[in-house]
Amino acid sequence: MTEQRGIRARFSTAPQWVAVSAAVVVVVVAAVTTALVAPGPQSGSAQAATPVVPGGQPATSASTEGQPGSSGKPPARTAKPPVVPDSIVHATEAAGPAVNITIDDGPDPVWTPKVLQVLRQHHVHATFCMIGPQAAAHPDIVRQVVAEGHRLCDHTVHHDTTMDHKPFAYQKSEIMNALQMIETASGGARVYYYRAPGGAFTPASRALAAQNGMRPLGWNVDTKDFDRPGVAAIVNTVKSEIHNGPTILFHDGGGQRAQTVAALDQTLTWLKGQGYAFSFPKVN
Ligand SMILES: [Zn+2]
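Below, the structure is given as structure tokens:
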């Protein structure tokens, strides 16, 4: 029976009217059900231009978070991390002579694996300050960083070194969106630190980071490796400035980082020879 004929029949006899009404109800219910169910998994992607979708629905995506590659880690944001101090940290967790190796602006598909290889050869753990969209684009590298014992740090979405002069709402989106991207890419690993690009912290952005479990992270020695001054110059900067404090800044993103890879290797050898241990920045 076609729909036309059904509608005509509706006016002929009572039983047919009931039957057609029931059919209409079924169709309406089916349509509503479809409307409710179908957009569900896609609603997250509509909200975000960047691949933050899986982390946007942690409450209902426990099964997807548990898929291969997540190493059985809990889904992102099931438990909010503890609030940490909002002052900028430079100190090491380890007592005694120790340094914090920090690696910024990645992950990068070419250079991060090379940096990881150097760290692995020296049995050194480092802190990786990642840019959100790059983490989202290379979740395999983010997971490798975590699996090899390194810690994650939020280095915002757009690496805007003037963000401290912009409205708090903008700073918040830069920090929180990157946090979600990094957490999602990592499969739910904790992001321990927030490092403002170029040190563009504000009291409000530090407080926001701290409320979300991320200790604001500074640095004491800028190796200037970003400018590619030569391997010897990078190593010499560490040697001459390590008295400033224990947190040393290198880069695995933002360009060709062959000098960084070679300089990191030599720097780690020199630091060990000087009796330094390798630590993480203090969180609490
Ligand atoms: Zn940076």
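Taking my numbering, the leading residue of the sequence shown gets 261, the next gets one more, and so forth. Each residue gets a CB set at the ideal place from its N, CA and C atoms; glycine is no exception. Keep in mind the model is a prediction, meaning the values are calculated, not measured.
Original post:
Is Phe-540 helix, strand or coil by DSSP?
Top reply: Reduced to three states, the DSSP call for Phe-540 is coil.
**OP:** Could you tell me how far apart the beta carbons of Ala-351 and Pro-476 are, in whole angstroms, since I believe they sit closer than 8 angstroms?
**Re:** The C-beta distance from Ala-351 to Pro-476 rounds to 13 angstroms, too long to fall under 8 angstroms, and the pair is not in contact.
**OP:** Give me whichever residues DSSP pairs with Gly-366 in a beta bridge.
**Re:** In DSSP, Gly-366 forms a bridge with Met-390.
Subject >> Three-state class that DSSP yields for Pro-334 in the structure shown >> reply: Unreliable placement is indicated for Pro-334, whose pLDDT of 46 sits below 50; no coordinate value is reported for it.
Original post:
Any Cβ of chain B within less than 8 angstroms of the Cβ of Ile-442?
Top reply: Absent from the structure: chain B. Only one protein chain is present.
**OP:** For Ile-508, I'd like the list of residues in its chain whose CB is within less than 8 angstroms of its CB, leaving aside the five on either flank, ordered along the chain.
**Re:** Only Val-359, Asn-360, Ile-361, Thr-362, Trp-479, Asn-480, Val-481, Thr-483, Val-498, Ile-502, Thr-527 meet the Cβ criterion.
Original post:
Per DSSP, Thr-352 is paired with what?
Top reply: Per the DSSP secondary-structure output, Thr-352 pairs in a beta bridge with Pro-541.
Original post:
When burial is assigned at 16 or more other CB atoms within 10 Å of the CB, is Pro-506 buried or exposed?
Top reply: By the 10 Å Cβ count, Pro-506 comes out buried.
**OP:** Under 7 angstroms Cβ to Cβ from Phe-485, same chain only, skipping five residues before and after it: list those, please.
**Re:** A quick correction: the sequence has Asp, not Phe, at residue 485. Only Ile-494, Phe-510, His-511, Gln-519, Thr-520, Ala-523 meet the Cβ criterion.
Original post:
I think His-367 touches His-398, with their Cβ atoms under 8 angstroms apart; what is that distance to the nearest whole Å?
Top reply: It should be noted that the sequence gives Pro, not His, for residue 367. Under the criterion of beta carbons closer than 8 angstroms, Pro-367 and His-398 qualify as touching, at roughly 5 angstroms.
Subject >> Pick from Pro-341, Gly-473, Val-349 that is closest to Gly-459, judged by C-alpha positions >> reply: When C-alpha distances from Gly-459 are compared across Pro-341, Gly-473, Val-349, the shortest belongs to Val-349.
**OP:** Figure out for me which residue from Val-491, Ala-396, Asn-472 has the closest Cα to the Cα of Pro-214.
**Re:** No answer is possible for residue 214: it lies beyond the span of the chain, which begins at 261 and ends at 544.
Subject >> 8 angstroms Cβ cutoff met for Ala-445 and Val-417 >> reply: No, the pair does not count as a contact, with Cβ atoms beyond the cut-off.
Original post:
Which residues count as close to ligand 1 when the rule is a CB under 6 angstroms from any of its heavy atoms, in chain order?
Top reply: Checking every Cβ against the heavy atoms of ligand 1 under 6 angstroms gives Asp-364, Asp-365, His-415, His-419, Pro-457.
Original post:
In the DSSP assignment, what are the bridge partners of Phe-510?
Top reply: BP columns for Phe-510 point to Ile-363.
Original post:
How is the alpha helix (DSSP H) around Arg-455 delimited, first residue to last?
Top reply: Per DSSP, Arg-455 belongs to no alpha helix (DSSP H) and is neither H nor E.
**OP:** Could you pull out every residue in the same chain whose Cβ sits closer than 8 angstroms to the Cβ of Pro-373, ignoring the five residues on either side in sequence?
**Re:** If we look at Pro-373 and ignore the five residues flanking it on each side, its Cβ neighbours are Ile-401, Gln-404.
**OP:** Just tell me which of His-382, Val-378, Asp-346 has its CA closest to the CA of Tyr-536.
**Re:** It is His-382 whose Cα lies nearest to the Cα of Tyr-536.
**OP:** Indicate the three-state DSSP secondary structure (helix, strand or coil) for Asp-525 in the structure shown.
**Re:** DSSP places Asp-525 in helix when its eight states are reduced to three.
**OP:** Compute the distance between the beta-carbons of Asp-364 and Cys-389, then report whether it is under 8 angstroms.
**Re:** It is a contact, given that the beta carbons lie within the stated cut-off.
Original post:
Less than 8 angstroms separating the beta-carbons of His-419 and Pro-357?
Top reply: Cβ atoms of His-419 and Pro-357: not closer than 8 angstroms.
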